[in-house]
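First comes the structure, then the notes that go with it.
2 protein chains.
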Amino acid sequence: MLRVADLDTPTMVVDLDVMEDNIRRLQDELDTIGLECRPHIKTHKIPAIGHKQLAAGAVGITCQKLGEAEIFADAGFTDIFVPYNIVGAPKLERLTRLARRVTLSVAIDSEVAARGIAEACREAGTHVNLLVEIDTGGHRAGVQGAREAQALARMITDLPGVSFRGLMCFPSRPGMRDVFAETRDLLARDGIPVNVISGGGTGAHRISKEIGCTEHRSGTYIYNGLNVVRAGNCTIEQCAMSVLVTVVTTSCPGFSTVDGGSKTFTNDSLRSGASNGYVREYPDVYLERMSEEHGVLNVSQVAEGVPRPRVGEKLHIIPNHACGTTNLHDVVFGYRRHAAEEIVEVEWPISARGKIR
Amino acid sequence: MLRVADLDTPTMVVDLDVMEDNIRRLQDELDTIGLECRPHIKTHKIPAIGHKQLAAGAVGITCQKLGEAEIFADAGFTDIFVPYNIVGAPKLERLTRLARRVTLSVAIDSEVAARGIAEACREAGTHVNLLVEIDTGGHRAGVQGAREAQALARMITDLPGVSFRGLMCFPSRPGMRDVFAETRDLLARDGIPVNVISGGGTGAHRISKEIGCTEHRSGTYIYNGLNVVRAGNCTIEQCAMSVLVTVVTTSCPGFSTVDGGSKTFTNDSLRSGASNGYVREYPDVYLERMSEEHGVLNVSQVAEGVPRPRVGEKLHIIPNHACGTTNLHDVVFGYRRHAAEEIVEVEWPISARGKIR
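From first to last, the protein sequence lines stand for chains A and B.
Counting from 833, one number per residue, gives the positions in the first sequence under the working numbering.
Counting from 833, one number per residue, gives the positions in the second sequence under the working numbering.
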C-alpha cells in the first residue's frame, strides 16, 4: 500500500474523489441546461481520465493538437474535435490518416486552411467535418463577424472531402449572441444548416448556453487550480490536482524553499508579490516566486509560535494553472483519502504530454 | 538531405556553428581570466552537447537535479556538481548510488542536509564532496554570511562520508567578495582548506573572477536567448536556438498567429506589451502574447506595402528563455547553414527533459 507521503518529489498527484466530483458536477450542469459536453483533454492528457469523462456522459472530446488526437484515437476515442487550424503538408497527411479511423471535426478560419484540408481529404478518399471559428475578441484566431463566417461556410459546402458542421468560439462571451444569431440567419437564407455551435472555457458554460451554443468545451474544470478559484468558479476544496514537494531549505529568513519551480509548476499567470501556488498544509504560507527548480514560499505571515515548514517536510501545492503543470510531468499519481491517509490507487503516464505537433 | 524548412512545426532547432562558437567563446574567456569552466547542462539537457563542452575544456558539468545527473552519468560524465540541497530517503539512496560511479559534489546550506548526506554515504560506504552555499541576496537558498558558512564547514569536516570542498553561490554578485574573503579567513584560522569557490550565471563570469571564485557555472550561454540579449550579454546573431513555427492564421487584423504558445515557449519572463520572442524573418514583428498552443505575433509595426507573415509560412522564433523552452521539447534538430539553406545534421533526444526529481 503506497501512501502519497512516501512518493519522491516533486510529483503531481490527483485526488480521485475530487476529480470524479468535478466530472459529475459539470456533466450534471450541462445536462440540466441542455448542452452537450465535449471536454478538452489538454488539462489531463490521459486517456483513462478521458474515458471517465465519456462514461459520465460526454459526447466526445476536444484535442488542441493533432498529436494529442492521435494518442486518444489509439486509446479508443472515436469522436474528436480539433479546434485548431491545421496547416502544412505533414499535418494534412496525419489529419487524413486520423480521419480514416475516427469521426473528426476541425475548426478553420481561412479559405486557405479549408481548401488545404478539403484537398488532402479528396486525395486520401476520406472526410473531415469543418466548423468555422469566430473571434470572440481574443484576437488570436477566428473570422471577424457573421459575413466572413457566411462566406467561409458557403465555400466549404462547395468543397469535396469536407462538410460544414457549424460554428465555434473560444472563450464563450456574452457578446457572441448577436454574431451567432446573425450568422445562423444568413446561413438559413442560404439553406446551410448549422448543426453545432461549440463554446468553451471552464466556468463559461452558462454563457455558452445564453449565446446559443449546442455544446461546451471545458478543460481545466477537471483539476481546477488557483486561477479558477480566483475567478470564482470553484473552491480550494474542488481543486483535485496538486504537486507534492519537499522543503529543501529554510536558510533564508522569511522564506522556505521547495524542490519545485518553473520546470515543475510553469510560470503561467505568475503574479509578483502574490501567491503563485496554494500550500494546503500552511494556508498562511504562499508560493511567492520560482526559479527553474526552486519554489520560494513566503512564510512571513505565519504568526510567532505557530509551526512553519521544516526541511524535509512534504507539502501539497495547488498551482495557478493545471494545464501548464500537466505538460511538465511524465506521470501523475491518483489517490483517495482513507481516514487521515492518502493512498495511491493508480499511476498514470501522461501519454499526450509534449504533443505540441 | 533534410532541410530545416521541411521539418514539421513547432520544433526546436539549433544552429550548430553558433552553438559551437558560444562554447568556444566562453571557454576562451574563462581560460584568459583563469577560471575553470563547469557548464550547467540545464539549458540543453543533451549529453552529446555536454561532451562538446568537455572537449572544449570544461572540467566537469553542473546538474541541478539528481535525475539530470543520472542521465549524464549514464552517458559517461565522471565529474558532476549538483548545486542543490538533496533531502529525503529516496534521493539520498539515489545520491549514494551515483556517488559510487562518478566524482560527485553537492551544495548544502543546512546541518540537516549535510548530516543526511553524510549518514547515507557512511551507510553505503561511499563519498560525496560538499560545498557550502552562501546566499547572494536572492533569498532562495544559502547560508546568511561567513559565520554560518564557517559553522557548517567545521561540522562537515567532522562528518564521515563527506569532505568539505569549498563554497558556492548563485548568481555571482560583486557584494560576495567580502563574504568569501571573510569566510576564507575564518576557515584558514581553523585550518580548513577552501579548494573550490563556485560562481554562476550567464554573463557573470567576470564577477565570479572578481569575487574570488575558482570556477564558473554558465548554462544559458550555449543557446542564449532574448533575455540574454536584453541583458547585453550577447547579440541576436549569437542566439543558437530557435523554435520553428508555422503561421496558422492571419484572420485577426494586426496579428498573425503561429502554432506554438506557452506549451512550446514557456511563459518565462513574459512581458505584457513587449516582445516575448524575436522573429528572425520579420524583425518588425514580435511575439506579443501566448495561450497554450497559440502564439500571437503583433504585425502592426510592419509598414504598408511590406510583406507580412502568411498562413503556412514557417518562422524561426528566438524565445525569452532557452532553459524553459528546452524542457518542453522531446527532441532538438541541429543544423548548419550551407549557402541559403539550413541543412539538418543531427536529431538529438533531449534525454534529461523533465528530470525534475
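Even for Gly, the Cβ is constructed at its ideal location relative to N, Cα and C.
Only a predicted model underlies this, so the values are computations on that prediction, with no experimental measurement involved.
For histidine 876 of chain B, go through chain D and note every residue whose CB falls closer than 9 Å to its CB, in chain order. Absent here is chain D; the protein component of the structure consists of chains A and B.
Pairs of beta-carbons, one from the stretch 1096 to 1113 of chain B and one from the stretch 1164 to 1179 of chain B, closer than 8 Å: are there three or more? Between the stretch 1096 to 1113 of chain B and the stretch 1164 to 1179 of chain B there are fewer than three inter-stretch CB-CB distances shorter than 8 Å, so the stretches are not counted as touching.
Neighbour list for aspartate 1162 of chain A in chain B, Cβ cutoff strictly below 7 Å: Gly1186
If you measure beta-carbon to beta-carbon, which residues of the stretch 1103 to 1123 of chain B are closer than 7 Å to chain A? Ser1123
Could you pull the start and end residues of the alpha helix (DSSP H) that histidine 1161 of chain B belongs to? Neither: histidine 1161 of chain B is in no alpha helix (DSSP H) and is coded neither H nor E.
Would you mind stating whether cysteine 1201 of chain A and histidine 971 of chain B have Cβ atoms separated by less than 8 Å? The structure shown does not extend to residue 1201 of chain A, since chain A spans only 833 to 1189, so no value can be given for it.
With C-beta atoms as the reference, is phenylalanine 1165 of chain B less than 8 Å away from threonine 843 of chain B? yes
Let me check one thing: in DSSP terms, what residues is leucine 963 of chain A bridge-paired to? A:Ala939 and A:Gly998
Just list the residues that DSSP pairs serine 1088 of chain A with in beta bridges. A:Leu1129
Can you list, in chain order, the residues of its chain whose CB lies under 6 Å from that of aspartate 941 of chain A, leaving out five sequence neighbours each side? Glu965, Ala973, Gly974 and Val975
So what's lysine 877 of chain A in DSSP terms, helix, strand or just coil? coil
Could you tell me whether any Cβ in chain B is nearer than 8 Å to the Cβ of glycine 974 of chain A? yes
Of all the alpha helix (DSSP H) runs that stay within the bounds of the stretch 848 to 931 of chain A, which reach a length of 4 or more residues? 848 to 865, 879 to 887, 898 to 906 and 921 to 931
Give a yes or no on whether the C-beta atoms belonging to histidine 1048 of chain A and leucine 862 of chain A are separated by under 8 Å. yes
Go to isoleucine 1175 of chain A, then tell me how far its beta strand (DSSP E) extends in each direction, as first and last residue. 1173 to 1181
Who are the neighbours of proline 1181 of chain A on chain B, taking C-beta pairs under 9 Å? None at all; the shortest Cβ gap to chain B is about 12 Å.
Taking just the CA atoms, how far does valine 1079 of chain A sit from arginine 1038 of chain B? 33 Å
Please tell me whether, using a cut-off of 7 Å, the distance from the CB of histidine 959 of chain B to the nearest non-hydrogen atom of the ligand FMN is below it. In terms of ligand content, the structure shown is empty, and the ligand FMN therefore cannot be addressed.
According to DSSP, residues forming a beta bridge with glycine 1031 of chain A: Partner(s): A:His1048.
Can you tell me which residues form a DSSP beta bridge with threonine 1078 of chain B? B:Lys1146
Under the three-state reduction of DSSP, which class applies to valine 1138 of chain B: helix, strand or coil? coil
Under 8 Å by Cβ, that's how I've got threonine 841 of chain A and arginine 1189 of chain B pegged, so tell me the actual separation to the nearest angstrom. 7 Å
Which residues does DSSP list as the beta-bridge partners of proline 1151 of chain B? B:Gly1109
Kindly indicate the opening and closing residues of the beta strand (DSSP E) around arginine 835 of chain B. Segment: none, arginine 835 of chain B is in no beta strand (DSSP E) and carries neither H nor E.
Report back the beta-carbon spacing between threonine 1082 of chain B and proline 1139 of chain B to the nearest angstrom; my notes put them in contact at under 8 Å. The C-beta distance from threonine 1082 of chain B to proline 1139 of chain B rounds to 12 Å, too long to meet the 8 Å contact threshold.
Determine contact between the stretch 987 to 997 of chain A and the stretch 946 to 954 of chain A, defined as no fewer than three beta-carbon pairs at a distance below 8 Å. yes
Any idea if leucine 930 of chain B is buried or exposed, counting beta-carbon neighbours within 10 angstroms, 16 or more meaning buried? buried
Could you have a look at histidine 1170 of chain A and say whether DSSP puts it in helix, strand or coil? strand
Exposed or buried, which one is serine 1132 of chain A when buried takes at least 16 other CB atoms within 10 Å? Exposed.
Which bits of chain A does threonine 1081 of chain B rub up against, with CB to CB less than 7 Å? Correct list: Asn917, Asp941, Ser942 and Ala973.
If you count every other CB in all the chains shown that lies within 10 Å of the CB of aspartate 1220 of chain A, and 16 or more means buried, which is it? Summary: the structure shown does not reach residue 1220 of chain A, with chain A confined to residues 833 through 1189, and so no result is reported for it.
State the Cα-Cα distance for the pair valine 914 of chain A and threonine 968 of chain B, rounded to the nearest angstrom. Approximately 48 Å between the Cα atoms of the pair.
Are threonine 1190 of chain B and valine 934 of chain B close, meaning C-beta to C-beta below 8 Å? Outside the shown range of chain B (833 to 1189) lies residue 1190 of chain B, about which nothing can therefore be said.
Do the CB positions of leucine 858 of chain A and serine 1050 of chain A come within less than 8 Å of each other? yes
8 Å Cβ cutoff met for lysine 1095 of chain A and glutamate 1120 of chain A: no
How should aspartate 860 of chain B be labelled, buried or exposed, when 16 other C-beta atoms within 10 angstroms of its C-beta is the threshold for buried? It counts as exposed.
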